[in-house]
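Taking our numbering, the leading residue of the sequence shown gets 39, the next gets one more, and so forth. Reviewing the structure listed below.
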Amino acid sequence: MITHCLYPFVAWQKIADLWKEVSEALDGLTSPEEAKRRWKTLKDTFCKAIAEEKKPSGSARSSSKKLWKHYELMSFLRSVSTNRNSISNITTN
Numbered sequence: 039m040i041t042h043c044l045y046p047f048v049a050w051q052k053i054a055d056l057w058k059e060v061s062e063a064l065d066g067l068t069s070p071e072e073a074k075r076r077w078k079t080l081k082d083t084f085c086k087a088i089a090e091e092k093k094p095s096g097s098a099r100s101s102s103k104k105l106w107k108h109y110e111l112m113s114f115l116r117s118v119s120t121n122r123n124s125i126s127n128i129t130t131n
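Here's what the structure looks like:
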């Protein structure tokens, strides 16, 4: 049984183990830390491409029609990606 105070450590350890599996699946060509960093870069770049699509015409949107080379491969993230709710100290009337 996992006690409440140990849960965050156990969760982080599980995540570290999963990144180690990714590294092993890549035949050790990249470390778990490097695999995690590369994944974050890919995910962030895809999210920026999506945000660029959502800008209205005539705004500061890039006029380039060329898609990022991994765009189609990363499109599965559309179904699992969600925007986080945020809290603001600004009130509206």
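Glycine residues also receive a C-beta, built at the ideal position from the N, C-alpha and C atoms. Here the structure is a predicted model, which means the values were calculated and not measured.
Open item on the list: I need the straight-line Cα distance from THR79 to ALA54, nearest angstrom please.
Closed with: Sequence index remark: in the sequence shown, residue 79 carries index 41 (1-based). Sequence index remark: in the sequence shown, residue 54 carries index 16 (1-based). Distance between the alpha carbons of THR79 and ALA54 is about 18 Å.
Task: Under the three-state DSSP convention, the category LEU80 falls into - done: Start at 1 with the first residue of the sequence shown, and residue 80 comes out as number 42. Helix, per DSSP.
TODO: Between the Cα of LEU105 and those of ALA87, LEU115, ASP82 and PHE114, spot the shortest distance and give me the residue it belongs to.
DONE: Indexing the sequence shown from 1 puts residue 105 at position 67. Taking only the C-alpha atoms, the option nearest LEU105 is ALA87.
TODO: Run the CB neighbour count on ALA63, radius 10 Å, all protein chains shown included, and call it buried at 16 or more, exposed below.
DONE: Counting from 1 along the sequence shown, the entry for residue 63 is found at position 25. Label assigned to ALA63: exposed.
Open item on the list: If you measure between the beta carbons of LYS58 and PRO46, is that distance less than 7 Å?
Closed with: Within the sequence shown, residue 58 is the residue found at index 20, counting from 1. Within the sequence shown, residue 46 is the residue found at index 8, counting from 1. No Cβ-Cβ contact shorter than 7 Å links LYS58 with PRO46.
TODO: Compare the Cα-Cα distances from MET112 to each of CYS85, LYS52, LEU56 and SER61 and report the closest residue.
DONE: Taking the first residue of the sequence shown as position 1, residue 112 is located at position 74. Sorting CYS85, LYS52, LEU56 and SER61 by C-alpha distance to the C-alpha of MET112 places CYS85 at the top.
Task: Straight-line gap, LEU67 to ILE125 (C-alpha atoms, nearest Å) - done: By 1-based counting over the sequence shown, the position of residue 67 is 29. By 1-based counting over the sequence shown, the position of residue 125 is 87. The alpha-carbon atoms of LEU67 and ILE125 are separated by roughly 41 Å.
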